[in-house]
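Engineer: The working numbering puts the first residue of the sequence shown at 29, with every later residue one more than the last. Sending over a structure as structure tokens; questions will come in a sec.
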Amino acid sequence: MARPRVRLVVTADDFGYCPRRDEGIVEAFLAGAVTSVSLLVNGAAAESAAELARRHRIPTGLHANLSEGRPVGPARHGASSLLGPEGFFLGKMGFREAVAAGEVVLPQVRGELEAQLSRFRELLGRDPTHVDGHQHVHVLPGVCQVFAEALQACGVRFTRLPMERGVGGCAWLEAPARAFACAVEQDARAAMGPFARHGLRWTDVFVGLSTCGRHMSAHHVSGALARALEGIPTGRAVTAELMAHPGYPSVPPAGGSSEGPDAFSCSWERLHELRVLTAPVLWAQLAQDGVQLCTLHELDSKRPGEGTPSEATLETFLEPSPL
């Protein structure tokens with residue numbers, strides 16, 4: 029069956045988390061399987077990762093982190109709603125619970141985001157190509173508004189909208205992972221308005237929630253893209269992003285964001301993703317599906333101010349691309 033023409037960005041998250049993860053990410057980039065990375069500026073290997081990005085000319089964005097490790101902004105110097113008693117961020121679910129309870133002071137979120145953007149510039153000597161959120165914190169209610177304001181103020185236009193069509197029906201996902209993916213998708217849908225009002229752009233479609241870790245395969249990636257493209261006219265040029273977390277697994281105590289590497293980073297699943305991404309079978313399947321790999325820079329064919337999406341058009345995924 030004929031499909032729309034797809035230009036796909038493959039983004040490797042958590043760059044700078046640990047040297048072993050970074051080694052695998054660079055390997056995938058040099059193999060042509062990853063086209064951009066998202067850097068954790070509070071990661072244990074942020075400085076060496078920045079050097080790798082410069083050396084290999086890797087398109088690099090900021091992986092804004094409000095949930096793991098220590099802050100880089102004003103919160104380092106005193107009490108903050110973003111931190112627990114030990115001075116670390118509240119964690120993947122702890123931060124979400126604090127946001128839902130109204131306990132997070134949004135100006136403190138803005139201050140930390142600005143500090144991370146500044147740190148990125150110190151490390152790379154330039155602005156990020158894009159900014160997304162570690163553990164998708166950037167689409168949380170309230171947070172998405174200050175996130176959009178901060179990006180607009182510093183001139184960064186590209187972000188990630190982690191809305192994966194059909195993720196709730198992916199029976200292979202364990203129940204907690206499926207519930208989290210559905211919650212992220214719901215938050216992302218609500219974040220479209222603030223993002224659009226502040227001139228942010230993102231790809232037409234996104235995949236990666238259903239293909240993370242052990243669930244990454246050529247079949248699942250191709251299927252996720254097929255679900256995302258349902259109803260889009262044949263011949264239409266569509267932009268897409270595949271989120272990935274490849275790398276060689278972390279070995280404690282190296283890595284992390286001041287607390288050591290977590291189980292996710294130490295898992296064999298990081299190596300599994302690396303092997304799937306660098307194996308010919310995935311790219312043969314995607315080529316058959318009419319998918320062309322590219323960078324965010326190559327997607328940026330519109331001038332600023334053109335193609336700014338509205339909530340109504342994005343609901344259908346059928347209107348002009350926000351990128």
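By construction, the Cβ of each residue, glycine as well, lies at the ideal position given by its N, Cα and C atoms. Being a predicted model, the structure only gives us computed values, none of them experimental.
1) In whole angstroms, give me the CA-to-CA distance for Val100 and Gly71.
2) Which of helix, strand or coil does DSSP assign to Lys330?
3) Is the stretch 134 to 149 in contact with the stretch 61 to 76, if contact means three or more CB pairs nearer than 8 Å?
4) Could you check whether the stretch 158 to 177 touches the stretch 221 to 229, counting it as contact only if at least three pairs of C-beta atoms, one from each stretch, sit closer than 8 Å?
5) Where does the unbroken beta strand (DSSP E) through Val171 begin, and where does it stop?
6) Hey, how far is the Cα of Gly263 from the Cα of Arg33?
7) In the DSSP assignment, find the beta strand (DSSP E) that holds Ser64 and state where it starts and stops.
8) So, using beta-carbon positions, are His158 and Pro190 closer together than 7 Å?
9) Give every residue of the same chain whose Cβ lies closer than 6 Å to the Cβ of Glu202, excluding the five residues on either side of it in the sequence, and list them in chain order.
10) Taking all protein chains shown into account, decide if Pro281 is buried (16 or more other Cβ within 10 angstroms of its Cβ) or exposed.
11) Does the distance from the CB of Thr231 to the CB of Ala252 come in under 7 Å?
12) Which whole-angstrom value describes the C-beta separation of Glu131 and Ser109, a residue pair presumed to lie in contact below a C-beta threshold of 8 Å?
13) Look up Pro348 in the DSSP assignment and say whether it is helix, strand or coil.
14) Please confirm whether Gly112 and Ser286 have their CB atoms less than 7 Å apart.
15) Contact defined as beta carbons within less than 8 Å: I believe Gly60 pairs with Gly275. What is the distance between those atoms, to the nearest angstrom?
16) In its own chain, which residues sit with a C-beta less than 7 Å from the C-beta of Gly194, not counting the 5 before and 5 after it?
17) For Arg3, does the three-state DSSP call read helix, strand or coil?
18) So Leu152 is in the alpha helix (DSSP H); what residue range does that whole segment cover?
19) Note the first and the last residue of the continuous alpha helix (DSSP H) segment covering Ala219.
Structural biologist: From the atom records:
1) It is roughly 10 Å from the alpha-carbon of Val100 to the alpha-carbon of Gly71.
2) Only weak support exists for where Lys330 lies, its pLDDT of 39 falling under 50; the coordinates are left without a value.
3) Enough Cβ pairs lie closer than 8 Å, so yes.
4) A contact exists between the stretch 158 to 177 and the stretch 221 to 229.
5) Where Val171 is concerned, there is no enclosing beta strand (DSSP E), although the alpha helix (DSSP H) it sits in stretches over 171 to 182.
6) Each residue's Cα considered, the two are about 6 Å apart.
7) Annotation for Ser64: the continuous beta strand (DSSP E) segment containing it runs 64 to 67.
8) The Cβ atoms of His158 and Pro190 do not sit closer than 7 Å to each other.
9) Leaving aside the five residues that flank Glu202 on each side, none in its chain has a CB nearer than 6 Å to its CB.
10) When all chains shown are included, Pro281 counts as exposed.
11) Cβ atoms of Thr231 and Ala252: not closer than 7 Å.
12) Yes, Glu131 and Ser109 are in contact; Cβ-Cβ is about 6 Å, under 8 Å.
13) Legend: pLDDT at Pro348 = 35, less than 50; position of this residue unreliable, no value from coordinates given.
14) Their beta carbons are not under 7 Å apart, which means Gly112 does not touch Ser286 by this criterion.
15) The C-beta separation of Gly60 from Gly275 comes to about 17 Å, leaving the pair out of contact by the 8 Å criterion.
16) Closer than 7 Å at the Cβ level, and outside the excluded window around Gly194, lie Arg255.
17) For the chain, the structure presents residues 29 to 351; residue 3 sits outside this window and is missing.
18) 134 to 152 is the extent of the alpha helix (DSSP H) around Leu152.
19) Its alpha helix (DSSP H) spans residues 203 to 225.
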